[in-house]
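Numbering (our numbering), first residue to last: 265 to 426.
All C-beta atoms, glycine included, are put in the ideal place defined by N, C-alpha and C.
Have a look at the structure below, then the notes.
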Amino acid sequence: MKRAIYPGSFDPVTFGHLDMIERSAKMVDELTVAILVNHAKNPLFSIEERVKMLEEMTDHLSNVTIQSFDGLTIDYARSIGANIIVRGLRAVTDFEYELQIAQTNRIVNPEIDTMFLTTSLEYAYLSSTIVKEIASYGGDISKFVPLQLMERIYAKYDKNKE
Ligand code: ADP
């Protein structure tokens, strides 16, 4: 039984994340998309909103579930019996950070391995930060996030303007 987690902030989920989810879900029996409750960051969407968005977008994938967690990814993985952590590599800039975390995690728990997928080329530039930046100026985000989520993202900034 191959059980994996794909951890991240997903604030908000983008086509880049969804591409990663679809591809990694094919490689394992069960994939848990795990949203990190990160107190240090000031998120645009609440955890509940992010869970809902991800659930809607992965509804068609029968072996994918959405959860949130607090604490260390490696501890959360162990707690749900996952032995694979999925991460995405976009550019060289991701590499150094991800390598450091993956190697540390191996020392903490050698039973759990990190599996890296390189980004699909069309999403290589894409990040939640870019989406937020463009949406904050009312720019077109239709190429970055699913249609169903666009209004929810713009609404966050409309609210802020009031
Ligand atoms: P984090 O705060 O953990 O980086 P993100 O939500 O930004 O959370 O990203 C979660 C994971 O998804 C990371 O492994 C990141 O590299 C990957 N990822 C983000 N955007 C893309 C993309 N466009 N293509 C492939 N992987 C991506």
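- A distance of 8 Å or more separates the beta carbons of Ile299 and Ser326.
- Per DSSP, Ser406 lies in no alpha helix (DSSP H) segment and is marked neither H nor E.
- Less than 8 Å separates the beta-carbon of Phe380 from that of Leu353.
- A Cβ-Cβ contact shorter than 8 Å links Val350 with Ala268.
- Boundaries of the beta strand (DSSP E) around Gly352: Ile348 to Leu353.
- According to the DSSP secondary-structure assignment, Gln331 is paired through a beta bridge with Ala298.
- Remark: C-beta atoms of Val372 and Ile338 approach each other more closely than 8 Å.
- A Cβ-Cβ separation of about 6 Å places Ile285 in contact with Val297 under the 8 Å criterion.
- Under the 10 Å beta carbon count, Asp404 is surrounded by fewer than 16 other beta carbons and is classified as exposed.
- The alpha-carbon separation between Tyr270 and Tyr401 amounts to approximately 30 Å.
- Counting along the chain, no alpha helix (DSSP H) covers Ile269; the unbroken beta strand (DSSP E) around it starts and ends at Arg267 to Gly272.
- Under the three-state reduction of DSSP, Thr337 is assigned to helix.
- Around the beta-carbon of Arg314, 16 or more other beta-carbon atoms lie within 10 Å, marking it buried.
- In the structure shown, Leu318 falls within a helical segment according to DSSP collapsed to helix, strand and coil.
- Annotation: the continuous alpha helix (DSSP H) that includes Phe359 extends over Val356 to Val372.
- Rounded to whole angstroms, the separation of the alpha carbons of Asn306 and Ser406 is 24 Å.
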